[in-house]
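Per full-length UniProt numbering, the sequence shown starts with residue 1, numbered consecutively.
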Amino acid sequence: MSEEQPKISAEEREELKRGIYESLSPRRRKFIDRIGYENWDPFQEPKDPIDIRKDKNQMTTQQLIRAFLYTVPRERYTDTYARGAFEACSGMINEDERILGMFDFARWYVTTMEGNTNNED
1 MSEEQPKISA
11 EEREELKRGI
21 YESLSPRRRK
31 FIDRIGYENW
41 DPFQEPKDPI
51 DIRKDKNQMT
61 TQQLIRAFLY
71 TVPRERYTDT
81 YARGAFEACS
91 GMINEDERIL
101 GMFDFARWYV
111 TTMEGNTNNE
121 D
């Protein structure tokens, strides 16, 4: 957890913000002007990327993919297979719509088409 910041008044905060803005390079000021000075928050807390990359079981993509690939038979494993598995793993954790669609289709295919292998050629 982050340490508590000392309370400062709105006037002090605005004074600090103005000081930061004026000390920036012209290029950086141009960016802030584009997003709007009033929308810019130089005091914003950064997001913790570790929290973002964990699944519901608090496992990282690396932990999940390692556990999965450990179960894959050696003759099935290739670099391409591992890359695809990692992409699926990462997409599942990040709730990527493309990956979720592929997952739902694969699950539907296995449950619906299992046993229906009639090829009428």
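All residues carry an ideal CB built from backbone N, CA and C; glycine is no exception.
Nonlocal neighbours in the same chain, by C-beta distance under 8 Å from residue i, ignoring five residues either side
i, result
"alanine 88", "Ile99, Met102 and Phe103"
"methionine 92", "Asp55, Ile99, Leu100 and Phe103"
Own chain partners of residue i with C-beta closer than 7 Å, once the 5 adjacent residues on each side are dropped
i, result
"alanine 85", "Ile65, Phe68 and Leu69"
"alanine 82", "Leu69"
Contact under 8 Å by Cβ, residue i with residue j
i, j, result
"proline 46", "isoleucine 20", "no"
"serine 90", "threonine 61", "yes"
Rounded separation between residue i and residue j - CA only
i, j, result
"residue 126", "alanine 106", "Outside the modelled stretch of the chain, which goes from 1 to 121, sits residue 126, for which no answer is possible."
"asparagine 39", "arginine 29", "13 Å"
"glutamate 97", "phenylalanine 31", "31 Å"
"proline 26", "glycine 36", "15 Å"
"proline 73", "leucine 16", "60 Å"
"glutamate 22", "arginine 34", "16 Å"
"leucine 24", "asparagine 57", "42 Å"
"glutamate 95", "tyrosine 109", "20 Å"
"glutamate 114", "threonine 78", "26 Å"
"serine 9", "glutamine 44", "16 Å"
"threonine 71", "arginine 18", "57 Å"
Sequence-distant residues of the same chain with beta carbon closer than 6 Å to residue i, five excluded per side
i, result
"arginine 13", "none"
"glutamate 11", "none"
Query raised in the report: Fully enclosed by the region 74-104, which alpha helix (DSSP H) runs are 4 residues long or longer?
Result: 79-93
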